[in-house]
């Protein structure tokens with residue numbers, strides 16, 4: 001089982017965690033989260049961090065890379081991959097099967113497609129130094145255009161600076177795993193319905209209060225807005241820039257667009273040679289069969 005990874009991927013609101021926990025329970029595994037926002041403590045409802053889901057047949061399924069950073073921390077792709085490798089090694093050395101679950105395409109690709117990442121200097125002094133440069137000067141510092149894994153990297157100064165720093169280190173982080181990727185598939189209209197009903201349920205469960213508590217703890221509205229989606233629009237509502245109805249409509253539309261972008265990323269992975277076994281509505285029996293074949297080296 002050494003160096004084998006199961007990955008359960010798909011757009012938001014498709015029940016990836018539930019399927020991942022089921023497979024981890026069945027095949028004696030542990031979960032490694034691949035969610036760029038679930039790493040943060042206190043960001044629970046808005047990130048779909050339902051820790052009650054990590055129980056199968058009355059048994060707690062161990063999870064990794066959830067609640068490991070404060071929202072005020074700088075968390076980046078290099079740090080994620082480094083911690084992923086540590087978690088993977090810990091799980092496999094205990095003779096268990098790592099099951100990666102999440103929808104952050106960049107994190108998933110960095111592992112499955114083994115992005116060659118370099119550690120950057122994110123100290124305040126280095127950030128201040130780079131902030132004095134113009135956009136053009138910053139872009140000229142990019143060591144390799146390949147560092148722009150996402151077109152959005154050029155969408156703002158903050159992203160350009162992150163890209164410059166991420167490519168400026170000397171040590172390269174590389175880690176090869178043999179992976180089996182299971183994708184949870186729903187028709188687009190069904191995903192839309194699931195997203196909207198989940199949003200209503202999360203708002204009823206206290207998502208606005210969660211964001212207010214983060215602001216009360218001293219997390220700046222600007223920082224919360226940078227997390228996007230729920231944190232962005234609820235912060236805009238709490239600071240008086242959006243009324244409740246506008247906040248709901250804009251947030252709902254944004255989550256639908258986000259799910260579409262996630263699917264675009266997974267299609268891109270497929271075009272680049274990653275085999276994704278799409279399973280309709282996260283069918284458990286079909287998923288079990290795929291994992292069995294993978295573990296027996298049949299696929």
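In the working numbering, the protein residues as written are 1 to 299. Backbone N, C-alpha and C define an ideal beta-carbon position, used for all residues, glycine too. Source: prediction; values computed, not measured.
* Kindly identify the DSSP beta-bridge partner or partners of residue 11. => Beta-bridge pairing links residue 11 to no other residue.
For residue 179 and residue 203, the rounded distance between their alpha carbons | 36 Å
Could you tell me which residues DSSP puts in a beta bridge with residue 100? 7, 32
Q: Determine, using beta carbons only, whether residue 127 and residue 161 come nearer to each other than 8 Å.
A: yes
inquiry  = Does residue 134 pass the burial test, meaning 16 or more other C-beta atoms within 10 Å, or should it be called exposed?
reply    = exposed
- Item | Distance between beta carbons of residue 105 and residue 262, contact taken as under 8 Å | 6 Å
### Task
Output the residue ranges of the alpha helix (DSSP H) runs that lie fully inside the segment 171 to 251 and measure 4 residues or longer, sorted by chain position.
188 to 204, 207 to 216, 221 to 226, 229 to 238
Can you say whether residue 30 is buried or exposed, counting buried as having 16 or more other CB atoms within 10 angstroms of its CB?
-> buried
request  = From the DSSP output, read off the bridge partner residues of residue 59.
outcome  = 56
Discussion item. Do residue 287 and residue 117 count as a contact pair if the criterion is CB distance below 8 Å?
Written reply: no
- [ ] May I ask you to verify whether the segment 234 to 243 touches the segment 263 to 276, counting CB pairs closer than 8 Å and requiring at least 3?
- [x] no
* DSSP three-state assignment for residue 91, whether helix, strand or coil -> helix
* Through-space distance from residue 176 to residue 182, alpha-carbon basis -> 18 Å
**Request:** Could you tell me whether the Cβ atoms of residue 164 and residue 138 are closer together than 8 Å?
**Result:** yes
### Task
In angstroms with no decimal places, state the Cα-to-Cα distance between residue 222 and residue 236.
10 Å
request  = Below 6 Å CB to CB, which residues in the same chain sit around residue 4 once its five sequence neighbours on both sides are set aside?
outcome  = 178
Notebook entry, point to check: So which of 290, 99, 259, 91 has the shortest CA-CA distance to residue 190?
Noted result: 259
As assigned by DSSP and simplified to three states, the class of residue 280:
strand
query = So residue 32 and residue 98 are in contact, right, with Cβ under 8 Å, and what is the actual spacing, rounded?
reply = 6 Å
In the DSSP assignment, find the alpha helix (DSSP H) that holds residue 25 and state where it starts and stops. 16 to 26
Go ahead and label residue 184 buried or exposed: buried means 16 or more other beta carbons lie within 10 angstroms of its beta carbon, across all protein chains shown.
buried
Can you tell me where the alpha helix (DSSP H) with residue 129 in it begins and where it stops? 124 to 131
_Spatially closest choice to residue 196 from 254, 298, 63, 43, by CA coordinates_ = 254
Would you decide whether residue 152 is buried or exposed? Buried here means 16 or more other CB atoms lie within 10 Å of its CB.
The predicted model places residue 152 with a pLDDT of 49, which falls under 50 and marks its position as unreliable; any figure quoted below should be read in that light. Classification of residue 152: exposed, given that the 10 Å Cβ count is below 16.
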